[in-house]
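I have placed the structure first, in the form of structure tokens, so that the comments after it can refer back to it.
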Ligand code: FAD
Ligand code: NAD
């Protein structure tokens, strides 16, 4: 057989089959067959139908999926978001230590809005903050840029998908001094702080290890507050980074001195997961040298310290609470990341209050995701109080549901399909709690020895490399463009074989022009503070 014959008879058909199979699998997994059945080529809008103005606030998991599904004839869509990219949140923990680059985690919204524009009468992106919704006159007030220029956008249908923000629970010092992991900027700040502290510690160890012992230990003390999935995934990434890349770059002596604490108020980490799987995660982190401090509450923070106290159950007596407070201890800290949960954004609180809703944790919606008391307004994702966990899985399903409702013009109740939960534990490990139902499929799971978890035994627990492979392949399949998929594949391959991307993001800017005054120590809160806050 010649090379040409081999190529045409074997290679090309094999590639075509694999390609078509991958495309069909991705389309099925992502529930996207209606992109073809409802393509504008097949269903051109009637000229008599009035054009509907749809305003979508937010370009995250919920808003973007709503946009993709509602785009169609007779739709004039405006997407409003202060950040110009869709942020692929599951990659954020990895991006803060260079396992992936932010290029893989951020997808320019304009590209995605342009795709919707090709299917609709019009679709535009407005980079702005939505400030206020006037539900009587059906307008949204938004402000653009630093000057705060105001625009008033009229809508027939409004989708509120502005997500959530970190919740500090009013704990003193957290807003001012903690780092967070919610936006792309947070990941850059964290990466910069970790690298900058390692550099300072390495210099001090080289030129005065004894004299500066306390400062070195402070710089290298990393505290992650919150043992939910965000805190656990981030801790695993930092532990891997220290053990591999920091060790290579700064040497064993520096890497060994890094202390990582994961602080969780509840008796165990990973509340949403089965207790056995949470234990797998705890054991993994402890093997990587992390101190998993459960039953411990962070009660205050300063630029260089964190205060820890034993947590007490809600039912604790005032005496028990006072006894716990007495045991509070202050520890020096170089990096503190607040991953202790989320709360609602000001716009959501404002709208909920205006509508007379009493629970301000989100916008109360009915079974069709319509905001109660506001005609033509839907709330989805973390901004909605719909009775589901604030996850990307829920947000994207809600987004698709509302998008289809707007496209088809019929309100139907939303039904959530939970496929399971996955948590990456970094290098070569992960946990997966999969919904499999009680079907005949279970015999296959039994045959390969996958244990059951959950109350009704309708879930299966996978751990180790297999779970990590599931995490990676699922999230790889859901990335929004082939370009990002390519970048992500490259990042993971590079991190595996040539180490992470260890480049300090240029946050601290020296003036470009020599005559621009450098901030004085007084303006920056003293030299030491300026140095430690960069
Ligand atoms: P977001 O995705 O946060 O999007 C909100 C959008 O609203 C953004 O575009 C924002 O710019 C915009 N916006 C904000 N304020 C305004 C305003 N005033 N006006 C207009 N627009 C505004 N969930 C999972 O299921 N699996 C995971 O692996 C997972 N990993 C995560 C990792 C991290 C680090 C974090 C922080 C979360 C993770 N989550 C995960 C949770 C998941 O990211 C959220 O539940 C999901 O992002 C919610 O989607 P959303 O569209 O409601 O909000
Ligand atoms: P979370 O609310 O799930 O966890 C926060 C944790 O912080 C809680 O366990 C809480 O007890 C603890 N905490 C709160 N205050 C504290 C304090 N003062 N001191 C010590 N501990 C404190 O928040 P999250 O992990 O950011 O997750 C938010 C949402 O995003 C969840 O719905 C989660 O499922 C989802 N998410 C999912 C994944 C995944 O599926 N892999 C990854 C990240 C986030």
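In this note's numbering, the protein residues as written are 1267 to 1800.
C-beta: ideal position from N, C-alpha, C; glycine also.
query                                                                                                                                                                                                   : result
Would you check if the stretch 1499-1513 and the stretch 1688-1706 touch, i.e. whether three or more CB-CB distances between them fall below 8 Å?                                                       : yes
Is the closest heavy atom of the ligand GTP to the C-beta of residue 1758 under 7 Å?                                                                                                                    : Looking at this structure, you won't find the ligand GTP anywhere; what it does contain is the ligand FAD and the ligand NAD.
Examine the ligand NAD and report whether any of its heavy atoms sits within less than 7 Å of the Cβ of residue 1583.                                                                                   : no
For residue 1563, which residues from the same chain have a beta carbon less than 6 Å from its beta carbon, with the 5 sequence-adjacent residues on both sides left out?                               : 1531, 1575, 1577
Residue range of the beta strand (DSSP E) that residue 1714 falls in?                                                                                                                                   : Note, residue 1714: premise wrong, no beta strand (DSSP E); not H, not E.
Tell me where the beta strand (DSSP E) around residue 1652 begins and ends.                                                                                                                             : Counting along the chain, residue 1652 falls outside any beta strand (DSSP E), and DSSP gives it neither H nor E.
Contact between the stretch 1386-1404 and the stretch 1479-1493: three or more CB pairs below 8 Å?                                                                                                      : no
Taking the alpha helix (DSSP H) that residue 1428 belongs to, which residues open and close that run?                                                                                                   : It is not in any alpha helix (DSSP H) - residue 1428 carries neither H nor E in the DSSP assignment.
My assumption, with CB atoms under 8 Å, is that residue 1556 sits in contact with residue 1528. Please give the rounded CB distance.                                                                    : 6 Å
Can you tell me which of the three DSSP states residue 1583 falls into?                                                                                                                                 : coil
Please classify residue 1443 as buried or exposed, where buried requires at least 16 neighbouring CB atoms within 10 angstroms.                                                                         : buried
In the DSSP output, what is residue 1526 paired with across the bridge?                                                                                                                                 : 1488
On a Cα-Cα basis, can you pick out the residue from 1436, 1497, 1714, 1352 that is closest to residue 1567?                                                                                             : 1436
Mapping DSSP to helix, strand and coil, what is residue 1507?                                                                                                                                           : helix
Using the Cα positions of residue 1462 and residue 1520, report the straight-line distance between them to the nearest angstrom.                                                                        : 13 Å
When the Cα atoms are used, what is the spatial distance from residue 1787 to residue 1484?                                                                                                             : Summary for residue 1787: the model assigns pLDDT 48, below 50, so the residue's position carries little reliability, and this model does not support an answer.
Would you say residue 1661 and residue 1328 are within 8 Å of each other, going by their C-beta atoms?                                                                                                  : yes
Using CA coordinates, which residue listed in 1645, 1586, 1364, 1678 is at the minimum distance from residue 1423?                                                                                      : 1645
Just to check my reading of the structure: residue 1611 and residue 1428 have Cβ atoms closer than 8 Å, yes? What is that Cβ distance to the nearest angstrom?                                          : 5 Å
Rounded to whole angstroms, what's the CA-CA distance from residue 1726 to residue 1648? Just pull it up for me.                                                                                        : 27 Å
May I have the straight-line CA-CA distance separating residue 1590 from residue 1560, to the nearest angstrom?                                                                                         : 14 Å
Is residue 1284 helix, strand or coil when you go by DSSP?                                                                                                                                              : helix
First and last residue of the alpha helix (DSSP H) that includes residue 1231?                                                                                                                          : The structure shown has nothing for residue 1231, since the chain only spans 1267 to 1800.
Does residue 1454 come out as helix, strand or coil in the three-state DSSP assignment?                                                                                                                 : helix
Leaving aside the five residues before and after residue 1394 along the sequence, list all residues of the same chain whose C-beta is less than 7 Å from its C-beta, in chain order.                    : 1346, 1348, 1408, 1409, 1410, 1417
Can you give me the start and stop residues for the beta strand (DSSP E) that residue 1557 sits inside?                                                                                                 : 1557-1559
Whether or not the stretch 1677-1694 and the stretch 1722-1738 are in contact is what I'm after, with contact meaning three or more pairs of Cβ atoms, one per stretch, closer than 8 Å; do they touch? : yes
With residue 1696 as the anchor, note down where its beta strand (DSSP E) starts and where it stops.                                                                                                    : 1696-1701
Any heavy atom of the ligand NAD closer than 7 Å to the Cβ of residue 1533?                                                                                                                             : no
List the DSSP bridge partners of residue 1880.                                                                                                                                                          : Missing from the structure shown is residue 1880; the chain here goes from 1267 to 1800 and no further.
So the candidates are 1338, 1297, 1302, 1352; which of them puts its Cα closest to the Cα of residue 1324?                                                                                              : 1352
To the nearest angstrom, how far is it from the Cα of residue 1375 to the Cα of residue 1391?                                                                                                           : 8 Å
Ignoring anything shorter than 4 residues or poking outside the stretch 1577-1648, list the alpha helix (DSSP H) runs there in chain order.                                                             : 1584-1592, 1612-1620
In three-state terms, what does DSSP make of residue 1397?                                                                                                                                              : strand
Quick one: residues in its chain with C-beta nearer than 6 Å to the C-beta of residue 1667, no 5 flanking neighbours on either side, listed in chain order?                                             : 1680
In the DSSP assignment, find the unbroken alpha helix (DSSP H) run with residue 1343 in it and report its ends.                                                                                         : No alpha helix (DSSP H) holds residue 1343; the beta strand (DSSP E) holding it covers 1341-1346.
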